[in-house]
Amino acid sequence: MPARGSAVKLLLAAVLALVSLVAACGEEGACGGEGAGCGDPGLNRFDSERAFGDLRRQVAFGPRPAGSQANAAQAEFLARRLEQAGAAAVTIQEPWANVVGTIHGDGEGAVLIGAHHDTVAGIPGFVGANDG
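Oh and the sequence shown: position 70 is 90 in this note's numbering, straight run, nothing missing.
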């Protein structure tokens with residue numbers, strides 16, 4: 021089992037991967053006025069400002085232990101952002117608030133991206149960007 025510091029780094033990398041997916045997969049006008057790059061044609065490129073804006077928004081939910089109201093609110097936010105990015109059939113699965121959607125590509129095959137979006141309970145001030 022990895023040390024706590026390694027586990028936190030892995031968690032952060034997974035969350036950033038999800039944020040990058042959402043930020044990188046937008047379409048014209050898809051972000052509804054949130055973040056940099058809104059309405060830019062050809063948004064099929066990584067927009068670091070938009071990704072960091074999404075990260076700030078996630079951290080603003082505060083601690084998000086599994087099953088909490090903040091975790092549910094963040095799941096709604098992530099689902100909305102995936103829909104805005106053009107994902108189809110976006111759902112929030114029960115009981116763990118997994119956010120699932122499909123972004124169709126041009127080729128065969130599939131890419132699966134997964135990340136935790138909850139935070140560890142019992143660490144005061146832990147919001148996913150810092151474990152203190």
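Don't be surprised by glycine CBs; every beta carbon is placed ideally from N, CA and C.
For residue i, which of helix, strand or coil comes out of DSSP?
i, result
"GLY73", "helix"
"VAL140", "coil"
"VAL120", "strand"
"VAL131", "coil"
"VAL147", "coil"
"ALA80", "helix"
"ALA108", "strand"
For residue i, does the count of other Cβ atoms within 10 angstroms reach 16, so buried, or fall short, so exposed?
i, result
"GLN113", "exposed"
"ASP67", "buried"
"ARG65", "exposed"
"THR122", "exposed"
"GLY145", "exposed"
"GLY127", "exposed"
"THR139", "buried"
"ARG76", "exposed"
Does the distance from the C-beta atom of residue i to that of residue j stay below 9 Å?
i, j, result
"VAL79", "LEU98", "no"
"ALA86", "ALA117", "yes"
"GLN94", "HIS137", "yes"
"PHE81", "VAL131", "no"
"ARG100", "ASP74", "no"
To the nearest angstrom, how far is the alpha carbon of residue i from that of residue j?
i, j, result
"GLU103", "ALA109", "8 Å"
"ALA107", "HIS124", "8 Å"
"ILE143", "ARG70", "28 Å"
"PRO83", "ALA90", "7 Å"
"ILE133", "ALA105", "15 Å"
"SER88", "GLY129", "35 Å"
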